[in-house]
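If you read the protein sequences in the order shown, they are chains A and B. Here my numbering is used: the first residue of the first sequence is 4, the next is one more, and so on. Here my numbering is used: the first residue of the second sequence is 4, the next is one more, and so on. Written out below as structure tokens is the structure these notes cover.
2 protein chains.
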Amino acid sequence: MSKAVVLLSGGLDSATVLAIARTEGFDCYALSFDYGQRHRCELDSARQVASAQGAVEHRIIQLGLGDIGGSALTDSRIAVPHESTEGIPVTYVPARNTVFLSIALGWAEVLAASDIFVGVNAVDYSGYPDCRPEFIAAFETLANVATRAGVEGSRFHIRAPLIELSKADIIRCGMGLGVDYSLTVSCYDPDPKGLACGACDACRLRVAGFSDAGVPDPTAYQT
Amino acid sequence: MSKAVVLLSGGLDSATVLAIARTEGFDCYALSFDYGQRHRCELDSARQVASAQGAVEHRIIQLGLGDIGGSALTDSRIAVPHESTEGIPVTYVPARNTVFLSIALGWAEVLAASDIFVGVNAVDYSGYPDCRPEFIAAFETLANVATRAGVEGSRFHIRAPLIELSKADIIRCGMGLGVDYSLTVSCYDPDPKGLACGACDACRLRVAGFSDAGVPDPTAYQT
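Put into structure tokens, the structure is as follows:
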């Protein structure tokens, strides 16, 4: 079996991506980050999703992105907006997907895995620059000069199977593959019990996605 | 003054790069990583170099690369070779420069710094794939689609001023700019007192560089 590294946040999208990678026949090595995120409870979801979907291994890497801040997700002094905003929102974490994919690339090289899966989406998304197809293409080019692959002639593939799907299509796809979305969390601003706020960008996209897909939303929201 | 983020390992090359960036007139923000490296004592050198050369700030980011291993520098079970080896050596840390530059990119975005300096060198080096000019070019392309810059039209410049210099030329350049090389360490395999082994790749390149430059080597080697 071929090996793949799968970035797993504990959210809806990456849980779906893990199911897709498994369905394609990969031995999946799930990778999460404890990066100073406000919604750190997502790591418990990531553990449960990795286990439920048969990842061979799940690693959580410590990463001090809180020390550079600059985002509502990594700096507690910046509030998470509970309504739609213009332009790139303050929940954007500078270079986050570049950093996550870079560490995934390092692990893929150690494992001799050829494929790296990431759940970015450029349809029902927050407008983050590092979720766009041109970002994925540029990272794949980089991956193949940054590593032994660049010298020895093998290739890495950066796989973003959700990038052109709507949130409703992602949910329909995942339901078809048996994903248990009750294990996942999307909220950027959960309460101390881990209940979703229902109002941040991530919650609004999730709520609309379940509604559009005609699938009951299993999320526990704050009342 | 323009701002620059400067990757600072505590070694000879990055100390020289910091001096070059200062000479070019940048306000320099030095960035180091506590990444599970065997030669963690380099962080003390990085602190001293940042201070001696007037960095505006110096941050050390926690980064669990030891959890993916795959290198003599991050896995204590793999020995550092004390002689020259064929091909890419086991001291290569998979995707390390990609990860370091990615985090530097995130900090540059937070600071509104346009330039990121890195001390890679493709002449007197260990053959690491992520020290080559094509890697730097690919990373610069990525940086400008991965960030707000990609959406808003500003640009990041990845600066590798040493990339085509010999080690002797780097030392001559740094001496001319007042770099105190006695503060720097290059060794991959120092003893518990921090004394350099004199035999690993990094030490051999350093010894030869000082010799070729006709400059006394201030390094404290194990006897």
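C-beta atoms are modelled at their ideal positions from N, C-alpha and C, and glycine is treated no differently.
| Check | Outcome |
| --- | --- |
| Express the C-alpha separation of A:I63 and A:G181 in angstroms, rounding to a whole number. | 24 Å |
| Quick one: using the 10 Å Cβ neighbour count with 16 as the cut-off for buried, is A:K170 buried or exposed? | buried |
| In terms of residue numbering, what span does the beta strand (DSSP E) encompassing B:I63 cover? | E60 to Q65 |
| Are the beta-carbon atoms belonging to B:V121 and B:R162 less than 9 Å from one another? | yes |
| By alpha-carbon positions, which one of A:V102, A:Q40 and A:P92 ends up nearest to B:W110? | A:V102 |
| So for B:D118, helix, strand or coil by DSSP? | strand |
| How about A:A58 and A:V9: do their beta carbons lie closer than 9 Å? | yes |
| Would you call the CB atoms of B:D194 and B:V123 closer than 9 Å? | no |
| Around the C-beta of A:G14, are 16 or more other C-beta atoms found within 10 angstroms, so that it is buried, or is it exposed? | buried |
| Can you list, in chain order, the residues of the segment 100 to 127 of chain B whose Cβ is nearer than 9 Å to any Cβ on chain A? | N100, T101, V102, F103, L104, S105, I106, A107, L108, G109, W110, A111, E112, V113 and L114 |
| When you compare each of B:G153, B:E86, B:H85 and B:G90 to B:E112 by their alpha carbons, which one comes out closest? | B:G153 |
| Leaving out five residues on either side along the sequence, give the residues of the same chain with a beta carbon under 6 Å from the beta carbon of B:T88. | none |
| With 16 as the cutoff for other CB atoms within 10 Å, does B:E143 come out buried or exposed? | buried |
| Do the segment 184 to 192 of chain A and the segment 38 to 48 of chain A make contact, defined as three or more Cβ pairs closer than 8 Å? | yes |
| Report the rounded CA-to-CA distance for A:V229 versus A:P164, giving the unit in angstroms. | In this structure chain A extends from 4 to 226, so residue 229 of chain A is not present and cannot be described. |
| Can you name, in chain order, every residue of its own chain whose Cβ lies under 7 Å from the Cβ of B:Y224, other than the five neighbours on each side? | L198, A199 and G201 |
| Is the Cβ-Cβ distance between A:I173 and A:T19 less than 9 Å? | yes |
| Just to confirm, are B:S5 and B:A149 a CB contact at a threshold of 9 Å? | no |
| Note the first and the last residue of the continuous alpha helix (DSSP H) segment covering A:V154. | R151 to E155 |
| Cβ closer than 9 Å: which chain B residues qualify as neighbours of A:V59? | Ordered by position in chain B, no residue passes the 9 Å Cβ test against A:V59, which lies about 15 Å from the chain. |
| Please list, in chain order, the residues of the segment 135 to 165 of chain A that have any C-beta partner in chain B closer than 9 Å. | R135, E137, F138, A140, A141, F142, T144, L145, A146, N147, V148, A149, T150, R151, A152, G153, V154 and E155 |
| Just to confirm the assignment, what range does the alpha helix (DSSP H) spanning A:V20 have? | L15 to T26 |
| Between A:I71 and the rest of its own chain, which residues show a CB-CB distance below 6 Å, the 5 nearest in sequence each way excluded? | none |
| Please list, in chain order, the chain A residues whose beta carbon lies closer than 8 Å to that of B:R62. | D70 and I71 |
| Can you find the residues in the same chain that come closer than 8 Å, C-beta to C-beta, to B:A98, ignoring five residues on each side of it along the sequence? | D133 |
| Show which residues of chain B have a CB atom less than 7 Å away from the CB atom of A:D133. | A149 |
| Using a Cβ-Cβ distance cut-off of 9 Å, determine whether A:Q40 contacts chain B. | no |
| I need the boundaries of the alpha helix (DSSP H) containing B:R209, first residue and last residue. | D204 to A216 |
| Against chain B, does A:I91 count as a neighbour if the rule is that its beta carbon must be under 9 Å from one of theirs? | yes |
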